[in-house]
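Each remark here refers to the structure printed beneath this line.
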Amino acid sequence: MTPLPVSIAAAVASFLLLLIVFELIRSRRLRERYALLWLLTGGVLLALSVWRGGLNTIASWFGVETYPPAILGAVGALFILAVLLHYSTVISRLSDQNTILAQRLALLEQQQREGATGSSR
Amino acid sequence: MAELAEVPVPPSGEILAQLGELKRIAIVPSLNEEASIGRVIDEIRAFDRGFDIVVVDDGSTDRTAGIAADRGANVLRLPFNLGIGGAMQTGYRFAFERGYDLAVQIDGDGQHDPAQLPPILGPVLAGEVDVCVGSRFAEGSGYQSSFARRIGIRLFAYVVSAVVRQRVTDTTSGFRAVNRKGIALFAADYPHDYPEVEATVMSVKHKLRLREVPVVMRQRAGGASSITAFRSVYYMAKVLLAIFVGLFRRYAVPLEEEHHR
């Protein structure tokens, strides 16, 4: 069985995560679309730390008999991987868009210079 | 073209007369709508030539922008897809900076028939509301939809109605008219991704007066719906989250004209 202090600490930590994410969205520093995965992470970790019997059962499925909270760590790591992967795709898209913006700006500036010299003639 | 159904529409002539000298614009967000965009522009002009038209091309890969420009519409071509929210806000920024008094939103896919504009324009022109939304589900419009879609629509209608303390039936309708106050708000702040639901909530939270009127919408003439079945769960979660968090935000009434006209 999971030691109670571990469950409490894990529950408090995941609740804090949820709270921080919520506050970040509220103050518009984090957009909803990028917060969903974080909220899911916090929610699942909170559920697993509060529902101690469930954590035990899941641990036994995987043959983890000695220390069930290891499952908490594993699930947490999995979610963090998912978040990181998601952000990698976001960064890739942003960098593509950044390229397009820079190119459009260069073309516009050239057009504008052309227009300026054209009108001063 | 779908036929128009029996919705009581105030006499068009009266509405057109009220439009008078108002500086007015139709914002037409479009993504790959080459099949319908031309007709949409023609129909807006057929309704009232006094409407300026701005087509916001949200990164189309077809001839949408070209067709719109050929018909003399203003075309704002976004360098890449921003999503409907970013596109709409671009239109509102244009309307705000050019000093328009009245803006209507009309989708580029042809589902909004400009001939249905009078009931939407009426309350705004009368100064009764700041935002008027054409609803497919308000009494007297008789809309048919798939079962799954109905559930989602019902859920949003229920949540939004509770939040804004006012009955709202069609939260996802993008067929709207707004006055200068609404233009100023939406130019300054417009929701991302799937914006109509949040825009409705935002309007009311900012103390804008909002009303729904029944309209009939047509089947999409071209293009693909931005909401596929695959994304609808994500969509619902995201919008519900936004509404929930929105409850805890403090809202300010938008500043009166900062920019000179």
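Chains as they are written, first to last, in this note's numbering: chain L, 10 to 130; chain P, 959 to 1219. Quick reminder that beta carbons are idealized off the backbone N, C-alpha and C, glycines included. From a predicted model like this one, the values you see are computed outputs, not experimental measurements.
Contact annotation, R38 (chain L) with H1150 (chain P): C-beta distance approximately 14 angstroms; criterion of less than 8 angstroms not satisfied. By the criterion of a C-beta distance shorter than 8 angstroms, L1040 (chain P) is surrounded in its chain by D1016, G1017, T1048, once the five residues flanking it on both sides are discounted. Between V986 (chain P) and I1064 (chain P) the beta-carbon gap is near 5 angstroms, inside 8 angstroms, which marks them as a contact. With the criterion set as a beta carbon lying under 7 angstroms from some beta carbon of chain L, the members of the stretch 1191-1211 of chain P are A1195, K1196, L1199, A1200, V1203, F1206, R1207, in sequence order. In this structure, the beta-carbon distance from L1168 (chain P) to V1091 (chain P) falls below 8 angstroms. A straight-line Cα-Cα distance of about 56 angstroms links H1164 (chain P) and G72 (chain L).
Taken in chain order, the members of the stretch 1132-1160 of chain P whose beta-carbon sits within less than 7 angstroms of a beta-carbon on chain L are H1150, D1151. Just measuring C-alpha positions, the residue of L:L110, L:Q119, L:W47, L:D105 sitting nearest G85 (chain L) is L:W47.
Q1124 (chain P) sits in coil when the DSSP states are folded into three classes, being neither helix nor strand.
Looking at the DSSP output, G1092 (chain P) shares a beta bridge with P:V1171.
Within the same chain, Cβ atoms closer than 6 angstroms to the Cβ of V1089 (chain P) are found at V1136, G1140, S1161, L1166, L1168, the five residues on either side in sequence being excluded.
Of all residues in the stretch 1034-1057 of chain P, only P1037, F1038 come within less than 8 angstroms of chain L when Cβ atoms are compared, listed by chain position.
Counting the other CB atoms within 10 Å of its CB gives R1107 (chain P) a total below 16, which places it among the exposed residues. If you draw a straight line from the Cα of R1189 (chain P) to the Cα of A1195 (chain P), it comes to about 10 angstroms.
For P987 (chain P), the uninterrupted beta strand (DSSP E) run begins and ends at 982-988, by DSSP. Counting every other CB atom within 10 Å of its CB across the protein chains shown gives I17 (chain L) a total below 16, marking it as exposed.
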